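J.: Can you read through this structure? Questions will come right after.
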Amino acid sequence: MTGSLRDRLFYLRIGLLVRGTVTFRKELAFNMRRPADELRYLNWERRKRIVDHAFRTVPFYQKRYSAVGFEPGDLKNEEDFSELPILERSHIRENLDDLISRNFHKNELKPVSTGGTTGAPITIFSDPRYPLNVISWRTLETWGVSPADNSAYLYRAIPTGISKVLRSLALYPTRRSYLSAFAMSDENLDRFFKALQATRPKYLVGYVGALDVFASYLFDSGLELPGLRAVWSTAAPLSDVKKNFFQTTFGCPVFSQYGSCEFYWIASECHEQSGLHIDSDIRHVEVVDSEDTPCETREHGDLIVTDLLNEAFPLIRYRVGDRGRMLAPTCACGSPFPLMDYVKGRVSDTITLRSGKKIPGEIWTTIFDDFVSEIRSFSVHQSADYRIRVYFEPYGENPSAVLEEVRQRLSKHLDEKTEIEFLAGTHGAIVGGKPQFVTSDVG
Ligand SMILES: [Zn+2]
118 MTGSLRDRLF YLRIGLLVRG TVTFRKELAF NMRRPADELR YLNWERRKRI VDHAFRTVPF
178 YQKRYSAVGF EPGDLKNEED FSELPILERS HIRENLDDLI SRNFHKNELK PVSTGGTTGA
238 PITIFSDPRY PLNVISWRTL ETWGVSPADN SAYLYRAIPT GISKVLRSLA LYPTRRSYLS
298 AFAMSDENLD RFFKALQATR PKYLVGYVGA LDVFASYLFD SGLELPGLRA VWSTAAPLSD
358 VKKNFFQTTF GCPVFSQYGS CEFYWIASEC HEQSGLHIDS DIRHVEVVDS EDTPCETREH
418 GDLIVTDLLN EAFPLIRYRV GDRGRMLAPT CACGSPFPLM DYVKGRVSDT ITLRSGKKIP
478 GEIWTTIFDD FVSEIRSFSV HQSADYRIRV YFEPYGENPS AVLEEVRQRL SKHLDEKTEI
538 EFLAGTHGAI VGGKPQFVTS DVG
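The sequence shown begins at 118 in this note's numbering and counts up one residue at a time.
And the structure:
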């Protein structure tokens with residue numbers, strides 16, 4: 118492994134402090150250099166292994182698979198896999214203890230709770246053998262930065278008190294600056310910006326909503342962060358409009374990373390910025406239609422994700438609550454990892470018209486994709502009387518031609534009777550740093 122002395126010292130020290138780091142990092146680095154067909158084989162073998170493990174040691178899967186007459190020996194090809202029952206959030210909520218493998222003790226496992234932005238929160242348990250941060254290190258390196266570099270974070274949970282002190286000591290001389298996504302007052306933004314002027318972070322990590330607040334602060338004050346090489350945007354779909362605004366304001370590429378509380382990491386963007394590479398050595402992603410039948414490449418559907426590593430609390434064919442689609446598997450960057458499209462909407466972003474017709478989130482969140490120079494931000498709200506209002510913030514004058522074009526394009530999806538209105542301004546909440554692009558009062 119190459120890298121500067123600072124990088125090597127960082128990896129060495131964290132390797133000593135956090136069990137499992139060295140082996141896991143080596144394995145991930147090795148997989149990244151494997152040819153695509155080897156990775157496909159690894160992915161398949163791991164899927165078979167986790168299904169077999171779940172059937173043998175996890176009461177929930179034993180019952181569920183037996184109920185449909187399935188035994189692990191039946192798993193011979195992709196078609197067999199796509200017939201395994203889908204795991205829903207409600208299953209997790211109702212069968213928490215039955216989803217823990219008998220090979221692990223519950224009190225040794227670290228619980229992870231999801232936020233409540235996409236329904237009632239749920240808890241899962243991660244596999245203690247795999248330090249999750251290591252997954253991000255692999256991608257940071259492809260973005261041209263290193264976890265040993267100084268960095269800055271706009272997060273919900275930030276270290277405080279003794280844990281902050283211990284973390285700073287463990288990371289020294291690497292410096293990390295934090296601002297809570299819940300505490301983005303002007304005063305705190307000023308303080309955060311001054312801290313970053315001193316530490317000159319090479320990368321900035323944040324939830325889309327929190328990045329938006331910080332980018333607007335920089336943009337409106339005419340401030341710059343010249344040392345930044347990458348922004349890592351996470352936890353919510355990033356529209357082309359926002360991406361353009363961020364890249365202009367931060368002066369560097371903004372990379373989308375797709376994950377969830379259940380999986381931490383699923384896929385991330387490369388320098389080509391033409392979709393998300395799925396980390397297929399550790400996660401498997403499928404797309405299914407409304408009948409739960411596999412979609413063709415480029416066809417939108419619900420994302421179904423399998424964690425290939427977590428044996429403590431196996432998540433097999435889990436409906437993660439987001440919409441997406443697969444793209445052609447190869448990318449000019451040469452990565453062997455398959456490509457999926459950006460996640461442009463959640464299942465909950467679907468708007469139902471008065472007629473009952475459903476318009477999925479990927480339509481709403483992309484309406485201004487072709488007009489990123491004119492529009493700085495937008496959101497869509499449906500009121501209880503089914504009327505749809507699109508709120509937008511232009512960079513300059515009211516862009517009436519753009520709005521007319523967008524209205525025309527939208528009308529192809531909507532019913533004739535749907536009333537739609539464009540209003541300058543903002544609407545919609547940011548919940549825990551996650552913007553709600555699409556909201557509806559229709560119950
Ligand atoms: Zn690529």
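We treat Cβ as the ideally placed atom computed from N, Cα and C, and that holds for glycine. Only a predicted model underlies this, so the values are computations on that prediction, with no experimental measurement involved.
Could you please give the first and the last residue of the uninterrupted beta strand (DSSP E) stretch that includes Leu126?
T.: Sequence index remark: in the sequence shown, residue 126 carries index 9 (1-based). Careful: Leu126 lies outside any beta strand (DSSP E), inside the alpha helix (DSSP H) at Leu122 to Leu134.
J.: Starting from Val325 and walking both ways along the alpha helix (DSSP H), at which residues does that stretch end?
T.: On the sequence shown, residue 325 is found 208 positions in, with the first residue counted as 1. Counting along the chain, the alpha helix (DSSP H) containing Val325 begins and ends at Val325 to Ser338.
J.: Thr543 to Leu249, Cα distance in whole Å?
T.: Reading the sequence shown from its first residue, position 426 is the one you call residue 543. Reading the sequence shown from its first residue, position 132 is the one you call residue 249. Each residue's Cα considered, the two are about 36 Å apart.
J.: Kindly indicate the opening and closing residues of the beta strand (DSSP E) around Ala347.
T.: Here residue 347 refers to the residue found at position 230 of the sequence shown. Ala347 -> beta strand (DSSP E) spans Ala347 to Thr351.
J.: Could you check the C-alpha separation between Leu213 and Phe172 for me, to the nearest Å?
T.: What you label residue 213 is simply residue 96 of the sequence shown in a count that begins at 1. What you label residue 172 is simply residue 55 of the sequence shown in a count that begins at 1. Their Cα atoms are separated by approximately 16 Å.
J.: Going by alpha carbons, who is nearest to Leu145 out of Leu126, Arg255 and His222?
T.: On the sequence shown, position 28 is the one that residue 145 refers to. Selected option, being the one with the closest Cα: Arg255.
J.: Go through its chain and collect everything with a Cβ distance to Ala287's Cβ below 8 Å, but skip five positions before and after it.
T.: For the purposes of this step, residue 287 is taken as the residue at position 170 of the sequence shown. Within the same chain, Ala287 has close Cβ partners Arg130, Ile131 and Leu134.
J.: May I have the straight-line CA-CA distance separating Thr351 from Val185, to the nearest angstrom?
T.: Here residue 351 corresponds to residue number 234 of the sequence shown, with the count starting at 1. Here residue 185 corresponds to residue number 68 of the sequence shown, with the count starting at 1. Their backbone Cα atoms lie some 37 Å apart in a straight line.
J.: Going by DSSP, name the residue or residues bridged to Ser230.
T.: For the purposes of this step, residue 230 is taken as residue 113 along the sequence shown, with counting starting at 1. In the DSSP output, where bridge partners are listed per residue, Ser230 has Thr240.
J.: Rounded C-beta distance between His530 and Ile476? I'm assuming under 8 Å.
T.: Residue 530 sits at position 413 when you count from the first residue of the sequence shown. Residue 476 sits at position 359 when you count from the first residue of the sequence shown. Cβ atoms of His530 and Ile476 come within 8 Å of each other, at about 6 Å.
J.: Quick one: does the C-beta of Ser294 sit closer than 7 Å to a heavy atom of ligand 1?
T.: Here the question's residue 294 lines up with position 177 in the sequence shown. No.
J.: Please classify Asn361: is it buried, with 16 or more other beta-carbons within 10 angstroms of its beta-carbon, or exposed?
T.: Taking the first residue of the sequence shown as position 1, residue 361 is located at position 244. By the neighbour-count rule (16 or more Cβ atoms within 10 Å), Asn361 is buried.
J.: In whole angstroms, what is the alpha-carbon distance linking Leu540 and Asp337?
T.: The residue you call residue 540 lines up with position 423 of the sequence shown. The residue you call residue 337 lines up with position 220 of the sequence shown. Computed Cα separation, rounded: 21 Å.
J.: Can you tell me whether Ser452 sits near ligand 1, meaning its C-beta is under 7 Å from at least one heavy atom of the ligand?
T.: Here residue 452 refers to the residue found at position 335 of the sequence shown. It does: the Cβ of Ser452 is within 7 Å (strictly closer) of some heavy atom of ligand 1.
J.: Run the CB neighbour count on Glu428, radius 10 Å, all protein chains shown included, and call it buried at 16 or more, exposed below.
T.: For the purposes of this step, residue 428 is identified with residue 311 of the sequence shown, where counting begins at 1. Under this definition Glu428 is a buried residue.
J.: Assuming Gly441 contacts Leu420 (C-beta within less than 8 Å), just tell me the rounded distance between them.
T.: As a working note, residue 441 is residue 324 in the sequence shown. As a working note, residue 420 is residue 303 in the sequence shown. Going by Cβ atoms, the distance from Gly441 to Leu420 rounds to 5 Å, so yes, they are a contact pair.
J.: My assumption, with CB atoms under 8 Å, is that Val422 sits in contact with Ile383. Please give the rounded CB distance.
T.: Position 305 of the sequence shown, counted from the start, is the residue given in the question as residue 422. Position 266 of the sequence shown, counted from the start, is the residue given in the question as residue 383. Between Ile383 and Val422 the Cβ distance is about 6 Å, and since that is below 8 Å, they are a contact.
J.: Can you give me the C-alpha to C-alpha distance between Asp154 and Phe430, rounded to a whole angstrom?
T.: Reading the sequence shown from its first residue, position 37 is the one you call residue 154. Reading the sequence shown from its first residue, position 313 is the one you call residue 430. C-alpha separation (whole angstroms): 28 Å.
J.: Measure the CB-CB distance between Glu538 and Arg504 and report whether it falls below 8 Å.
T.: Translated into positions along the sequence shown, residue 538 becomes position 421. Translated into positions along the sequence shown, residue 504 becomes position 387. Yes. Within cutoff.
J.: Quick one: what's Tyr385 bridged to in DSSP?
T.: Position 268 of the sequence shown, counted from the start, is the residue given in the question as residue 385. In the sequence as displayed, the identity of residue 385 is Ser instead of Tyr. Gln374 and His394.
J.: When DSSP labels each residue in this structure, what does Leu313 get in the three-state scheme?
T.: If you number the sequence shown from 1, residue 313 lands on position 196. Looking at Leu313 - three-state DSSP - the assignment turns out to be helix.
J.: So does the segment 276–290 actually touch the segment 370–384, counting three or more Cβ pairs closer than 8 Å?
T.: no
J.: So the alpha helix (DSSP H) Gly478 belongs to, where does it begin and stop?
T.: Within the sequence shown, residue 478 is the residue found at index 361, counting from 1. Counting along the chain, Gly478 sits inside the alpha helix (DSSP H) bounded by residues Gly478 to Trp481.
J.: Would Ala311 pass as a contact of Asn267 if the rule is Cβ separation under 8 Å?
T.: Taking the sequence shown and counting its residues from 1, the one referred to as residue 311 is at position 194. Taking the sequence shown and counting its residues from 1, the one referred to as residue 267 is at position 150. According to the sequence shown, residue 311 is Lys rather than Ala. Their beta carbons are not under 8 Å apart, which means Lys311 does not touch Asn267 by this criterion.
J.: Nearest to Asp558 by CA position, among Asn305, His498 and Lys143, is which residue?
T.: On the sequence shown, residue 558 is found 441 positions in, with the first residue counted as 1. Closest option to Asp558, Cα to Cα, is His498.
J.: DSSP three-state label for Val422, please.
T.: Position 305 of the sequence shown, counting from 1, holds the residue named residue 422. In the structure shown, Val422 sits in a strand (DSSP, three-state: E or B).
J.: According to DSSP, is Thr301 part of a helix, a strand, or is it coil?
T.: Start at 1 with the first residue of the sequence shown, and residue 301 comes out as number 184. This sequence places Met at residue 301; Thr is not what is there. Three-state DSSP puts Met301 in coil, outside helix and strand.
J.: Tell me the residue span of the beta strand (DSSP E) that contains Arg400.
T.: Working through the sequence shown from its first residue, we reach residue 400 at position 283. Arg400 to Val405 is the span of the beta strand (DSSP E), which, as asked, contains Arg400.
J.: Could you tell me the boundaries of the beta strand (DSSP E) in which Thr447 lies?
T.: Position 330 of the sequence shown, counting from 1, holds the residue named residue 447. Taken as a continuous stretch (DSSP letters only), Thr447 belongs to no beta strand (DSSP E), as it is neither H nor E.
J.: What residue range does the beta strand (DSSP E) around Pro511 cover?
T.: Sequence index remark: in the sequence shown, residue 511 carries index 394 (1-based). Taken as a continuous stretch (DSSP letters only), the beta strand (DSSP E) holding Pro511 covers Ile505 to Pro511.
J.: For a test of your reading of the model: does the CB of Glu258 fall under 7 Å from any non-hydrogen atom of ligand 3? Yes or no.
T.: Although ligand 3 was asked about, the structure shown includes only ligand 1 as ligands.
J.: Closest to Tyr566 by C-alpha separation, out of Tyr270, Leu342, Pro264 and Pro411, would be which residue?
T.: Outside the displayed range of the chain (118 to 560) lies residue 566, so it cannot be described from this structure.
J.: Does the contact criterion of 3 or more C-beta pairs under 8 Å hold for the segment 341–358 versus the segment 451–463?
T.: yes
J.: Measure from the alpha carbon of Arg317 to the alpha carbon of each residue in Ala300, Ala347 and Ala298, then state which is nearest.
T.: Here residue 317 refers to the residue found at position 200 when the sequence shown is read from its first residue. Ranking Ala300, Ala347 and Ala298 by Cα distance to Arg317 puts Ala347 first.
J.: Could you tell me whether the Cβ of Pro431 comes closer than 8 Å to any Cβ of chain B?
T.: Absent from the structure: chain B. Only one protein chain is present.
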